[in-house]
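Here's the structure we're looking at; comments come further down.
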Amino acid sequence: MKAEPPLVVGVTGASGAAYAVRLLQVLLAAGRDVHAVFSPAAVQVFRDELGAELAPASLDLETLFAVRFPWSERPAEAVPAGVGALTVHRHVDWSAGPASGSFRTGGMVICPCSMGTLASVAGGLCSNLIHRAAAVHLKERRPLIVVPRETPLSAIHLGTMQTVAAAGAVLLPAMPGFYHGVSGVDDLIDFVVGRIVDQLSVDRDLVTRWGT
Ligand SMILES: Cc1cc2nc3c(=O)[nH]c(=O)nc-3n(C[C@H](O)[C@H](O)[C@H](O)COP(=O)(O)O)c2cc1C
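First residue of the sequence shown? That's 53 in our numbering, and the numbers climb one at a time after it.
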């Protein structure tokens, strides 16, 4: 059977580092290969929110699955069997696969997405590999899921969201619902991550689906 193409995950310096950790864990646990890129601001937010010293250059599966959220009562996860491969690229590595449209992927997620990165994507700027990979996904008409996090939103933010959506991206704000039987923060994270992986047709039921 032909292997599914890898997915690209860009992690930026918006609040919600836990969404990125959980997303990466879920995609990899589903057996998908993932190419990840962290902006320097993302590294700072990881430290501030999770107390995690994240060195993208040395991030491996063991470290990723061992990340514990300060609020979580879930046991730490071991690296599951059948896990996909994780490749982490430097944020300015222009020779990395996701910098080119000739590198096949099944789509890209920017999670969480800062307003700065959102504006760069809207403006077609390619000053780091996250922006460039997003531009590639738009020009190649491949799925691009953008998970913005900011509140309140200015007219500039709304305008950039409109531009990026009109260019073909799915805007999927980090806006969890509360109707799926929430017993803690992990359930809110799973709500958002579940909606992201649905967009990529990655078959994971993270929350009880409405109507089932
Ligand atoms: C703890 C922390 C939380 C932040 N939260 C947000 C946020 O929710 N949304 C946002 O747009 N920027 C947020 N920022 C600011 C961005 O990190 C900053 O604008 C940065 O330049 C974004 O760069 P990047 O898009 O390359 O990651 C936060 C910064 C820190 C340190």
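Note that CB positions come from ideal geometry on N, CA and C, so glycine has one too.
- Relative to ligand 1, even the nearest heavy atom lies 7 Å or more away from the CB of residue 126.
- At a Cβ-Cβ threshold of 8 Å, residue 178 and residue 66 do not count as neighbours.
- When the beta-carbon positions are compared, residue 72 and residue 86 stay at least 8 Å from each other.
- A contact between stretches requires three or more CB pairs, one per stretch, nearer than 8 Å, and the region 195-205 meets this requirement with the region 217-226.
- Closest option to residue 219, judged by alpha-carbon separation, among 204, 209, 186: 186.
- By the criterion of at least three beta-carbon pairs nearer than 8 Å, the region 157-175 is not in contact with the region 136-145.
- Counting every other CB atom within 10 Å of its CB across the protein chains shown gives residue 242 a total of 16 or more, marking it as buried.
- The nearest non-hydrogen atom of ligand 1 is less than 7 Å from the C-beta of residue 167.
- One alpha carbon belongs to residue 69, the other to residue 263, and they sit about 30 Å apart.
- Excluding its 5 nearest sequence neighbours in each direction, residue 121 has C-beta neighbours in its own chain below 6 Å: 70, listed in chain order.
- By DSSP's assignment, residue 89 forms a beta bridge with 62, 141.
- When the beta-carbon positions are compared, residue 212 and residue 151 stay at least 8 Å from each other.
- Beta-bridge pairing by DSSP links residue 162 to 62, 198.
- Where residue 206 is concerned, there is no enclosing alpha helix (DSSP H), because DSSP gives it neither an H nor an E.
- Between the C-alpha atoms of residue 131 and residue 207 there is a straight-line separation of about 43 Å.
- For residue 115, the uninterrupted alpha helix (DSSP H) run begins and ends at 113-118, by DSSP.
- The shortest C-alpha to C-alpha distance from residue 104 to any of 237, 118, 113 is the one to 118.
- Beta-bridge pairing by DSSP links residue 135 to no other residue.
- Bounds of the alpha helix (DSSP H) holding residue 189 are 181-191.
- Using a Cβ distance threshold of 8 Å, residue 246 and residue 259 count as a contacting pair.
- C-alpha of residue 146 to C-alpha of residue 90: approximately 14 Å in a straight line.
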